[in-house]
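> In this note's numbering, the protein residues as written are 370 to 798. Cβ coordinates follow ideal geometry from the N, Cα and C atoms, glycine included.
(1) Residues bridged to residue 616 by DSSP?
(2) Is DSSP giving residue 759 helix, strand or coil here?
(3) Do the CB positions of residue 805 and residue 484 come within less than 7 Å of each other?
(4) Here's the rule I'm using: 16 or more other beta-carbon atoms within 10 Å means buried, otherwise exposed. How should residue 787 be labelled?
(5) What span of residues does the alpha helix (DSSP H) with residue 486 cover, start to end?
(6) Would you call the stretch 617–632 in contact with the stretch 667–684, where contact means no fewer than 3 C-beta pairs closer than 8 Å?
(7) Taking DSSP as the reference, what is the three-state secondary structure of residue 538?
(8) For residue 720, which option in 690, 685 and 697 has the closest C-alpha, if you only look at C-alpha atoms?
(9) What are the boundary residues of the beta strand (DSSP E) that residue 643 is part of?
(10) Between which residues of its own chain and residue 602 is the CB-CB distance below 8 Å, once the five residues before and five after are set aside?
(11) If you draw a straight line from the alpha carbon of residue 771 to that of residue 765, how long is it in whole angstroms?
(12) Taking 7 Å as the limit between beta carbons, can you name the residues of its chain near residue 773, skipping five residues before and five after?
(13) Do you know offhand how far residue 592's Cα is from residue 598's?
(14) According to DSSP, simplified to helix, strand and coil, what is residue 609?
(15) Using only the alpha-carbon positions, how far apart do residue 688 and residue 756 sit?
(16) Give me the Cβ distance between residue 532 and residue 575, rounded to the nearest whole Å; I'm assuming they're in contact under 8 Å.
(17) Are residue 512 and residue 572 touching if we call contact CB-CB under 7 Å?
(18) Straight-line CA distance for residue 376 to residue 515?
(19) When DSSP labels each residue in this structure, what does residue 604 get in the three-state scheme?
(20) Where residue 703 and residue 639 are concerned, what is the direct C-alpha to C-alpha distance, given to the nearest angstrom?
(21) Report the rounded CA-to-CA distance for residue 695 versus residue 510, giving the unit in angstroms.
(22) What do you get for residue 762, buried or exposed, if any count of 16 or more other CB atoms within 10 angstroms of its CB means buried?
(23) Counting only the same chain and skipping the five closest in sequence on each side, list residues whose C-beta sits under 6 Å from that of residue 647.
(24) In whole angstroms, give me the CA-to-CA distance for residue 626 and residue 636.
(25) Do residue 500 and residue 642 have their C-beta atoms closer together than 7 Å?
(26) Classify residue 793 as buried or exposed, calling it buried when 16 or more other Cβ atoms lie within 10 Å of its own Cβ.
(27) Shortest alpha-carbon distance to residue 506 belongs to which of 488, 725 and 570?
(28) Would you call residue 609 buried or exposed, if buried means 16 or more other Cβ atoms sit within 10 Å of its Cβ?
(29) Have a look at residue 724 and residue 534 and give me their C-alpha separation to the nearest angstrom.
(30) Rounded to the nearest angstrom, what separates residue 445 and residue 714 at their Cα positions?
(31) Could you check where the alpha helix (DSSP H) with residue 518 kicks off and where it finishes?
(32) By Cβ distance below 6 Å, which residues in the same chain neighbour residue 496 in space, the five residues on each side in sequence not counted?
(33) Looking at the unbroken alpha helix (DSSP H) that takes in residue 652, where does it start and where does it end?
(34) Would you decide whether residue 536 is buried or exposed? Buried here means 16 or more other CB atoms lie within 10 Å of its CB.
(35) Classify residue 749: buried if its beta carbon has 16 or more other beta carbons within 10 angstroms, exposed otherwise.
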């Protein structure tokens with residue numbers, strides 16, 4: 370809706386209008402004016418405006434007590450149109466800021482923990498800008514999904530989001546794949562090829578594993594980022610391209626720059642906005658929600674009905690270090706479901722041997738004791754996690770679920786205890 374509709378709404382709000390007023394503001398066609406002047410009794414007239422809007426007026430004779438035109442239908446029209454316009458804007462914003470699926474149509478990230486929520490908040494803020502973005506984080510942390518969040522927050526949301534892994538093709542073919550080539554540019558170039566960059570025209574290009582880009586190709590990528598022009602192989606003239614670039618890496622580009630393996634100027638050009646996705650071990654509170662999500666997803670794919678996970682199995686999953694992050698967790702849950710019967714409870718027996726090797730000394734259902742034995746042949750983070758979780762369980766049991774009392778005995782704040790209890794899915798006693 371334009372500003373004119375807002376003016377109409379304001380004018381309507383001031384009450385009925387005389388024919389002279391309507392003539393002055395030029396709202397109605399001349400034929401409607403003449404018809405309104407001739408009525409002997411109240412009449413409804415279908416007409417149009419100079420704004421090409423269809424509407425109705427109720428016209429009454431001037432000697433009538435209610436002698437002014439009462440704009441009932443058009444008032445409804447304006448109010449409804451303004452409401453619909455506001456609803457469409459809200460819907461578009463919701464679709465951009467809270468995407469429901471990944472590039473493949475499946476949600477792979479659950480935004481729960483504070484570290485990742487902060488990353489997503491920044492991603493949404495910079496989405497509408499044209500700035501280049503560099504995403505960093507370990508393999509499997511959800512960089513591709515975050516790239517989609519940025520894309521859907523931008524004015525390019527209705528255009529292509531094209532993902533390309535710089536390690537997906539041989540190094541000697543990377544230039545031709547990215548920038549394209551003209552027919553006859555080299556032996557075997559029997560037809561012209563648009564290239565990945567031009568294929569993303571008007572949209573967003575997500576370049577994964579940017580650290581593996583060959584040194585001889587980096588100047589060409591830098592020129593593209595600075596000028597928005599590419600020079601396909603065999604093409605005599607540069608071609609203008611409108612593409613936003615989001616790059617990602619699990620390596621330290623600063624170290625690569627220091628080692629002389631990555632151009633410093635390209636690094637600065639990519640690193641306008643940097644977002645780091647923390648590994649899953651730093652946001653374990655997301656694991657229960659992620660497990661539930663993956664159970665629904667893979668149980669449906671495998672037609673296993675309604676599956677649930679036991680507290681014991683979930684404890685194993687919470688204690689594991691997850692070097693492969695979200696991807697590894699998804700694969701583990703998928704495997705558990707494959708090993709289970711339909712409508713079953715997923716237990717520790719369904720876990721892979723690697724996960725089962727994350728030793729515990731007490732089951733989740735056991736009552737906490739005053740002592741805890743911890744095996745020394747496990748990763749330090751898992752041991753610390755077990756100790757912390759067990760102490761919280763014990764404090765909650767002693768206090769019968771009273772958070773204030775339990776927090777005081779642990780020497781932490783009530784809010785801190787609440788967050789830990791929610792993180793591990795512990796119920797109040």
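Walking through what the data contain:
(1) Here residue 616 refers to the residue found at position 247 of the chain shown. According to DSSP, which records beta bridges pairwise, residue 616 is partnered with 503 and 576.
(2) Sequence index remark: in the chain shown, residue 759 carries index 390 (1-based). Three-state DSSP puts residue 759 in a helix.
(3) Only positions 370 to 798 of the chain appear in this structure, which leaves residue 805 out of reach.
(4) For the purposes of this step, residue 787 is taken as residue 418 along the chain shown, with counting starting at 1. Flag for residue 787 reads exposed.
(5) Here residue 486 refers to the residue found at position 117 when the chain shown is read from its first residue. Here the alpha helix (DSSP H) through residue 486 covers 483–495.
(6) no
(7) Here the question's residue 538 lines up with position 169 in the chain shown. Three-state result, residue 538: coil.
(8) For the purposes of this step, residue 720 is taken as residue 351 along the chain shown, with counting starting at 1. Minimum Cα distance to residue 720 is reached at 685.
(9) For the purposes of this step, residue 643 is taken as the residue at position 274 of the chain shown. 642–645 is the extent of the beta strand (DSSP E) around residue 643.
(10) Taking the chain shown and counting its residues from 1, one reaches residue 602 at position 233. 544, 545, 548, 549, 550, 551, 554, 555 and 558, listed in sequence order.
(11) The count along the chain shown starts at 1 and reaches residue 771 at position 402. The count along the chain shown starts at 1 and reaches residue 765 at position 396. So the alpha carbons of these two residues sit roughly 7 Å apart.
(12) Stepping through the chain shown from its first residue, residue 773 is reached at position 404. Within the same chain, residue 773 has close Cβ partners 783.
(13) Along the chain shown, one-based indexing puts residue 592 at 223. Along the chain shown, one-based indexing puts residue 598 at 229. Straight-line Cα distance between these residues: approximately 7 Å.
(14) Reading the chain shown from its first residue, position 240 is the one you call residue 609. Correct three-state label for residue 609: strand.
(15) In the chain shown, the residue the question calls residue 688 occupies position 319. In the chain shown, the residue the question calls residue 756 occupies position 387. The alpha-carbon atoms of residue 688 and residue 756 are separated by roughly 10 Å.
(16) As a working note, residue 532 is residue 163 in the chain shown. As a working note, residue 575 is residue 206 in the chain shown. Between residue 575 and residue 532 the Cβ distance is about 4 Å, and since that is below 8 Å, they are a contact.
(17) What you label residue 512 is simply residue 143 of the chain shown in a count that begins at 1. What you label residue 572 is simply residue 203 of the chain shown in a count that begins at 1. No.
(18) In the chain shown, counting from the first residue as 1, residue 376 sits at position 7. In the chain shown, counting from the first residue as 1, residue 515 sits at position 146. With a pLDDT of 48 at residue 376, under the threshold of 50, the modelled position of that residue is not reliable, and the figure given next carries that caveat. Roughly 41 Å between the two C-alpha positions.
(19) By one-based count along the chain shown, residue 604 stands at place 235. It is coil, neither helix nor strand.
(20) Residue numbering aside, residue 703 sits at position 334 when the chain shown is read from its first letter. Residue numbering aside, residue 639 sits at position 270 when the chain shown is read from its first letter. Those two C-alpha atoms are separated by around 36 Å.
(21) As a first step, residue 695 must be located in the chain shown, where it is residue number 326. As a first step, residue 510 must be located in the chain shown, where it is residue number 141. Residue 695 and residue 510: Cα-Cα distance of roughly 6 Å.
(22) In the chain shown, residue 762 corresponds to position 393, counting from 1. Buried: at least 16 other Cβ atoms inside 10 Å.
(23) For the purposes of this step, residue 647 is taken as the residue at position 278 of the chain shown. Excluding residues within five positions, the ones whose Cβ falls inside 6 Å are 484.
(24) Taking the first residue of the chain shown as position 1, residue 626 is located at position 257. Taking the first residue of the chain shown as position 1, residue 636 is located at position 267. Residue 626 and residue 636: Cα-Cα distance of roughly 8 Å.
(25) In the chain shown, counting from the first residue as 1, residue 500 sits at position 131. In the chain shown, counting from the first residue as 1, residue 642 sits at position 273. It is a contact, given that the beta carbons lie within the stated cut-off.
(26) Against the chain shown, residue 793 aligns to sequence position 424. Classification for residue 793: buried.
(27) In the chain shown, counting from the first residue as 1, residue 506 sits at position 137. Comparing Cα-Cα distances from residue 506 to each of 488, 725 and 570, the minimum goes to 488.
(28) Taking the first residue of the chain shown as 1, we reach residue 609 at position 240. By the neighbour-count rule (16 or more Cβ atoms within 10 Å), residue 609 is not buried but exposed.
(29) For this step, residue 724 is matched to residue 355 along the chain shown. For this step, residue 534 is matched to residue 165 along the chain shown. Looking at the two C-alpha atoms, the distance is approximately 30 Å.
(30) Numbered from 1 along the chain shown, position 76 holds the residue referred to as residue 445. Numbered from 1 along the chain shown, position 345 holds the residue referred to as residue 714. Residue placement at residue 445 cannot be trusted, given a pLDDT of 48 that sits under 50; what the coordinates show is reported in the next sentence. For residue 445 and residue 714, the distance between alpha carbons rounds to 55 Å.
(31) What you label residue 518 is simply residue 149 of the chain shown in a count that begins at 1. Run containing residue 518: 512–521, per the alpha helix (DSSP H) assignment.
(32) In the chain shown, counting from the first residue as 1, residue 496 sits at position 127. Taken in chain order, the residues that qualify are 519, 522 and 523.
(33) Within the chain shown, the letter at position 283 stands for residue 652. Segment: none, residue 652 is in no alpha helix (DSSP H) and carries neither H nor E.
(34) Counted from its first residue, the chain shown places residue 536 at position 167. The residue is exposed, with fewer than 16 neighbouring Cβ atoms inside 10 Å.
(35) Numbered from 1 along the chain shown, position 380 holds the residue referred to as residue 749. Residue 749 should be labelled exposed.
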